[in-house]
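The structure appears right after this line, and notes come after that.
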Amino acid sequence: MKYEITTGWRYLYGGKRDKLMQLLALVCLGCVGIGVVVLLASHGANPYAVLALVLSLILAAAFSLFSVFSVFTSVSVLGVVFGVAALTVVLAVTTGFQKQFRDKVLGVNAHVIVLKSQNTFAEYRDVMKTAREIDRDVLAVQPFIFAEMLATRGKGELSGVAIKGIDPKLVRGVLDLEQHMVEGSVDSLLVEACPPGDEDRHDAAGSGSGAEPGSGAGSAARSSKVAASEPDKPKCMKDPPIIMGKELAHKLKAKLGDAVTVVVPLSNLDFDTFRAKSSAPRTRRFTVTGIFYSGFDEYDRRLMYTSLGEVQDLYGRGDQVMGIELKVRDVERAEAIAQKLEKALGGPPYQVQDWYELNHNLFTALTLQKLALVVILTLIIIVAAVNMVSALMMTVIEKTREIAILKSMGSTSSSVGLIFQVVGVAIGAVG
Numbered sequence: 006m007k008y009e010i011t012t013g014w015r016y017l018y019g020g021k022r023d024k025l026m027q028l029l030a031l032v033c034l035g036c037v038g039i040g041v042v043v044l045l046a047s048h049g050a051n052p053y054a055v056l057a058l059v060l061s062l063i064l065a066a067a068f069s070l071f072s073v074f075s076v077f078t079s080v081s082v083l084g085v086v087f088g089v090a091a092l093t094v095v096l097a098v099t100t101g102f103q104k105q106f107r108d109k110v111l112g113v114n115a116h117v118i119v120l121k122s123q124n125t126f127a128e129y130r131d132v133m134k135t136a137r138e139i140d141r142d143v144l145a146v147q148p149f150i151f152a153e154m155l156a157t158r159g160k161g162e163l164s165g166v167a168i169k170g171i172d173p174k175l176v177r178g179v180l181d182l183e184q185h186m187v188e189g190s191v192d193s194l195l196v197e198a199c200p201p202g203d204e205d206r207h208d209a210a211g212s213g214s215g216a217e218p219g220s221g222a223g224s225a226a227r228s229s230k231v232a233a234s235e236p237d238k239p240k241c242m243k244d245p246p247i248i249m250g251k252e253l254a255h256k257l258k259a260k261l262g263d264a265v266t267v268v269v270p271l272s273n274l275d276f277d278t279f280r281a282k283s284s285a286p287r288t289r290r291f292t293v294t295g296i297f298y299s300g301f302d303e304y305d306r307r308l309m310y311t312s313l314g315e316v317q318d319l320y321g322r323g324d325q326v327m328g329i330e331l332k333v334r335d336v337e338r339a340e341a342i343a344q345k346l347e348k349a350l351g352g353p354p355y356q357v358q359d360w361y362e363l364n365h366n367l368f369t370a371l372t373l374q375k376l377a378l379v380v381i382l383t384l385i386i387i388v389a390a391v392n393m394v395s396a397l398m399m400t401v402i403e404k405t406r407e408i409a410i411l412k413s414m415g416s417t418s419s420s421v422g423l424i425f426q427v428v429g430v431a432i433g434a435v436g
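So the sequence shown is numbered by the numbering used here: it starts at 6 and just counts up by one.
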C-alpha cells in the first residue's frame, strides 16, 4: 500500500514549487490578515469588506494549490471545492433566512392562538385558565381583538389599518414586541385615557397654552413617560395611547405625541335594513406613544396596537374578544400543545392553531425553495465528481506507457488500479 500511495503522490505533486504562485498566495494571505484586522477594529461589518476577505481567501487557497500540485490536480480539487462550497453556503443562507423569517413572524405574533367560529367569545377567561393549565411549557396567555379600520391624521393622510387590541399587563409575556420598538415603549399602553373633563388636570408640566398632541412633543407623550416612571401614581392621557408600525407612521407622517384618528367603517350601518343608523361612523382619537419595526412589511405598514378595552369600546363588542394567544417555552412544541388544548376544549366551535399553521403557505414556499436549491446543487456536485472520474480515465489512457513500465517491473493490475484510486480519493478529500 505504501508503494501505491507514494506513486500516487508523485503523480499529484507538480514536481517543483512555483515561486510566482507562492508569492501570489502570500500576497493574498497578507490581504486576508489586513482585512481581519480592519474588520475587528471597525464597529460594524462592511459587506464589501467581508466580500473582499472571502475572495482573498479563495485566491490564496487557489494559488497555494497551483504552487504545490500539478495543474490537473489543482483544477480537479477546485472543482470539488466550489461544488461543495456552493451547496454549503446556499444551505446555510436558506436555513438562516428561514430562522430570521421565523423570528420576525414570532416577534409580533404568538406561538398558539385560540379562535371561536361563532361571533360571541365572552367566556375567554375560562379558556385562558384552561390554556394556562394545559401544559407546563405554556408561559403566558392573553386575550386579543383584531379589527380592520381606517386611520387618519386629518391632513389628507389616510390608510387602512389592522388594529390589535391587547392586554397591556400581559402582552410582554406573550409577544416579543418590546425588542422591536424603535421609539417609545410597550408599557405606554398601560396609561389610560382621562375621564371627560379631567384631562387638563393630568396634562404634563410645560404644555403651555394647551398644545395639541400633534406637536410631536406634546403633553400626552410626556404624561405617558411620567406614568411609566411612576406606576404607583395614577396618571392618564387626554387620548388613549396607540403603537404603530414604522412604515405606517411614515405614511401618516406621524411621530411620538401626534394625534391619530381611527374610523370604524360601516359602524353606522344597520345590516338588517342596510340603512344608516347615524350620520357618521364611530371614530376615536389616539395618541402615538410608540413605533415598532419588525422587518416584516405587512406588519410595519398596517399594524397598530392599543389596549383591549379601547378596541372593545370602539367596535362596540362589549366584554368579548376575537381569541386568545399563548406563548410556549419551545416553539417546536407549539403544534403538540395546540392539539392538546383543542382536545381539552372539545373541538368546534373552538379552533386552535400554532404559528406554523398560521403561516403555512409562507414556510412551505421557503421549504420548497430550499429543497429545489439542494437538488440543483447536488447535481452540480455529481457533475464535478463525474468530471473528476472522466479526468482520471483520460489520465489512464494518457499514461499507458507508464502503466506498461510499472507492470513490466512487477506491478499487478490491481496495484496499478489502486494508484489511481489513491489519486481520486486524495482529490476528493482535499476538495
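In this text, a Cβ means the ideal position worked out from N, Cα and C, and glycines have one as well. From a predicted model like this one, the values you see are computed outputs, not experimental measurements.
T100 has its alpha-carbon roughly 24 Å from the corresponding atom of V388. Residue range H365 to E403 is occupied by the alpha helix (DSSP H) that includes S395, with no beta strand (DSSP E) assigned at that position. Put simply, the backbone Cα of T383 is about 17 Å away from that of S81. A straight-line Cα-Cα distance of about 26 Å links Q344 and G170. Excluding five sequence positions before and after E347, the CB atoms of its chain that fall closer than 7 Å to its own CB belong to Y355 and V357, given in chain order. Shown here, G328 sits in a strand according to DSSP, grouped into three states.
A contact between stretches requires three or more CB pairs, one per stretch, nearer than 8 Å, and the segment 112-131 meets this requirement with the segment 292-304. Burial check for E337: the Cβ neighbour count within 10 Å stays below 16, so the residue is exposed. Taking the Cα of M309 as reference, the smallest distance to any Cα among G328, K375, F71 and M186 is reached at M186. In the structure shown, C33 adopts helical secondary structure according to DSSP, grouped into three states. Within a 10 Å sphere around the beta-carbon of K160 sit fewer than 16 other beta-carbons, which makes this residue exposed. By the Cβ rule, the segment 312-324 does not count as touching the segment 91-98, because fewer than three pairs are nearer than 8 Å. Within the segment 140-177, the runs of beta strand (DSSP E) that reach at least 3 residues and sit entirely inside it are, in chain order, 143-157 and 163-171. Between V55 and S419, the alpha-carbon positions lie close to 48 Å from each other. Fewer than three beta-carbon pairs drawn from the segment 254-263 and the segment 128-144 are found closer than 8 Å, and the two stretches are therefore not classed as touching. In the three-state reduction of the DSSP assignment, T266 falls in the strand class, which pools E and B. Note on geometry: alpha-carbon atoms of K251 and V166 lie some 13 Å from one another.
Taking every protein chain shown into account, the CB of E330 has 16 or more other CB atoms within 10 angstroms, so this residue is buried. Taking the CA atoms as reference points, I402 sits about 29 Å from M26.
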